[in-house]
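The structure appears below as structure tokens.
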Amino acid sequence: MRILVLGAGMVGSVAAADLAATPVFDVTVADTDAASLARAKRRSGGRVRTLRADAGGAAKAKALVRRTKADAVLGALPSRFGFDVVRGVIEAGVPCVDISFMPEDFREHDRLARKAGVPVVADCGVAPGMSNMLAGWAARTLDRCDTIEILVGGLPRTRHWPWQYKAPFSHHDVIEEYVRPSRIVEAGRVVVKEALSEPELVTIPGIGTLEAFYTDGLRSLADTLKVPNMREKTMRWPGHAELMRTLRHLGLFSHEHVTVGGARVKPIDLTAKLLFPHWTYEEGEADVTVMTVRAWGTRGGRAVRLAWTLHDELDPATGFPSMSRTTAFPATSVLRLIAAGKVAKAGVHAPEALAGMPGVLDAVIADQRARGVKYQAWMEEDARPAAARPARKTSRRAGR
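In this text, residue positions in the sequence shown follow the numbering used here: the first is 15, and each later residue adds one.
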């Protein structure tokens, strides 16, 4: 089976290497950057084919799928390309799994995918992605689910002044997280929060104290799950959020052109360019990914809490960074399930929809565990007094 990976960045190169380890897959990875392609070749032990090509648009993606005669596609391009690339892949008539965190609503391609008869799963990384699948499972498993909370962060194992952060994927995409309005759900209604707002300190076992703040992490969960209270926060080393709010306040994250010395410049392009040397990991530098997904509700007449935790670090055996692994492996797992006919329903699916497909979530978790990415799960009785638990609301959105 011929697999085309679009994008040979930090995540795409790991995804390509992982897929190439599956004997029945013949993997080609395409990118415009020769150095990224060389890294993908190296990470795969020479098992992937590389192709220097531009897939940044629907027509280009469609043409590339046909040129390579791909049977399925994994999209790992920066967010600004994701929406059009997915459309092009669908128009080429092949299944697609995408991790690009596109700003548009990928579900707008559902009718096109159903007409083409192909399954598409977007936002299929760690968060969004695994966080959605686990939240979807919780909402289905509990008799009544009142609250879902997601905390997630990818960060260097060692803090670095002054940024308290390094970026494991596109710097533009990180900055986008700090700009886009953040949606949460309160009392059955979608509420918009400013990105980077309401920071709070949280203690993560094995890591220490991190700060958590709002970003637009709920994505499709905000309207697919009928859970009255949901929120997602991103975690960084303390101090990072304040610096980012300062840069944003100065206008350095703006996409509007400004004229400097007669040259027209987008501030965000200049900011990303200047941050790049400071935010780039050194070869072999350790990073860590931590996530908790918690859900409160009732089951069998008892108040309970479901929880999953992830603590993953750079794999010394392969050299694969943690955020690359934890983002790539959900996508490669789902692609394998599509190839095996286990995810076959035509249309565009948000990751939480996979939780309703028999055996899919178990297979994705098991597949990652085999690669060293381990989700720990438990259920316990909610010992809080009834008055301290989220009240069940009677709005239409909250009804189950």
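The C-beta atom is built at its ideal place from N, Cα and C for all residues, glycine as well.
Check: Beta-carbon contacts of residue 162 that lie in its chain and below 6 Å, excluding the five residues immediately before and after; Outcome: 149, 241, 244, 309
Check: Beta-carbon proximity of residue 293 to residue 181, cut-off 8 Å; Outcome: yes
Check: Beta-carbon proximity list for residue 135, same chain, < 6 Å, skipping 5 on both sides; Outcome: 111, 348, 363
Check: Segment limits, beta strand (DSSP E) that includes residue 221; Outcome: No beta strand (DSSP E) contains residue 221, which DSSP labels as neither H nor E.
Check: Nearest residue (CA-CA) to residue 45, options 213, 64, 129; Outcome: 64
Check: Spatial neighbours of residue 413 in its chain, beta-carbon cut-off 6 Å, leaving aside the 5 residues before and after; Outcome: With a pLDDT of 31 at residue 413, under the threshold of 50, the modelled position of that residue is not reliable, and no figure is offered here.
Check: DSSP-derived helix/strand/coil call for residue 2; Outcome: The shown model of the chain, from 15 to 414, leaves out residue 2, and the question about it has no answer.
Check: Pairwise C-alpha distance: residue 122 and residue 381; Outcome: 30 Å
Check: DSSP beta-bridge partners of residue 247; Outcome: 165, 228
Check: Beta-carbon gap between residue 147 and residue 342 smaller than 8 Å; Outcome: no
Check: Spatial distance of residue 246 from residue 389 (CA atoms); Outcome: 18 Å
Check: Contact set for residue 52: own chain, Cβ-Cβ below 7 Å, skip 5 residues either direction; Outcome: none
Check: Residue 235 and residue 366 closer than 8 Å at C-beta; Outcome: yes
Check: Whole-Å CB distance - residue 230 paired with residue 197, under 8 Å assumed; Outcome: 6 Å
Check: Start and end residues, alpha helix (DSSP H) containing residue 262; Outcome: 254-263
Check: Buried/exposed call for residue 376, threshold 16 Cβ in 10 Å; Outcome: exposed
Check: Burial state of residue 68 (16 or more Cβ within 10 Å); Outcome: exposed
Check: Where the alpha helix (DSSP H) through residue 281 begins and ends; Outcome: 281-293
Check: Buried or exposed by the 16-neighbour rule on C-beta atoms within 10 Å, applied to residue 350; Outcome: buried
Check: DSSP bridge partner residues for residue 182 (one or two, in chain order); Outcome: Looking at the DSSP assignment, residue 182 forms no beta bridge with any residue, so it has no partner.
Check: Proximity of residue 151 and residue 257 at Cβ, strictly below 8 Å; Outcome: no
Check: Reduced DSSP category for residue 392 - H, G, I as helix; E, B as strand; rest coil; Outcome: strand
Check: Rounded distance between the beta-carbons of residue 132 and residue 145, thought under 8 Å; Outcome: Incorrect: roughly 25 Å between the Cβ atoms, too far for contact.
Check: Status (buried if at least 16 other CB within 10 Å, exposed otherwise) for residue 41; Outcome: buried
Check: Backbone secondary structure at residue 318 - three-state DSSP; Outcome: strand
Check: Three-state class that DSSP yields for residue 345 in the structure shown; Outcome: helix
Check: Distance between beta carbons of residue 22 and residue 72, contact taken as under 8 Å; Outcome: That belief does not hold up - the Cβ atoms of residue 72 and residue 22 are roughly 20 Å apart, past 8 Å.
Check: The region 286-306 / the region 327-340 touching (three or more Cβ pairs under 8 Å); Outcome: yes
Check: Inter-residue CB distance, residue 90 and residue 18 (contact presumed, cutoff 8 Å); Outcome: Not a contact, Cβ separation roughly 11 Å.
Check: Among 109, 267, 170, the one whose alpha carbon lies nearest that of residue 187; Outcome: 267
Check: Cβ separation of residue 102 and residue 129, assumed to be a contact under 8 Å, to the nearest whole Å; Outcome: Contact doesn't hold; Cβ gap of about 15 Å is too wide.
Check: Residue 392 burial status per 10 Å Cβ neighbour count (16 or more: buried); Outcome: exposed
Check: Spatial distance of residue 279 from residue 272 (CA atoms); Outcome: 5 Å
Check: Delimiting residues of the alpha helix (DSSP H) encompassing residue 46; Outcome: Here residue 46 belongs to no alpha helix (DSSP H), and DSSP marks it neither H nor E.
Check: Identity of the residue in 216, 225, 323, 184 nearest residue 290 by Cα; Outcome: 184
Check: Length of the line joining the Cα atoms of residue 216 and residue 174; Outcome: 19 Å
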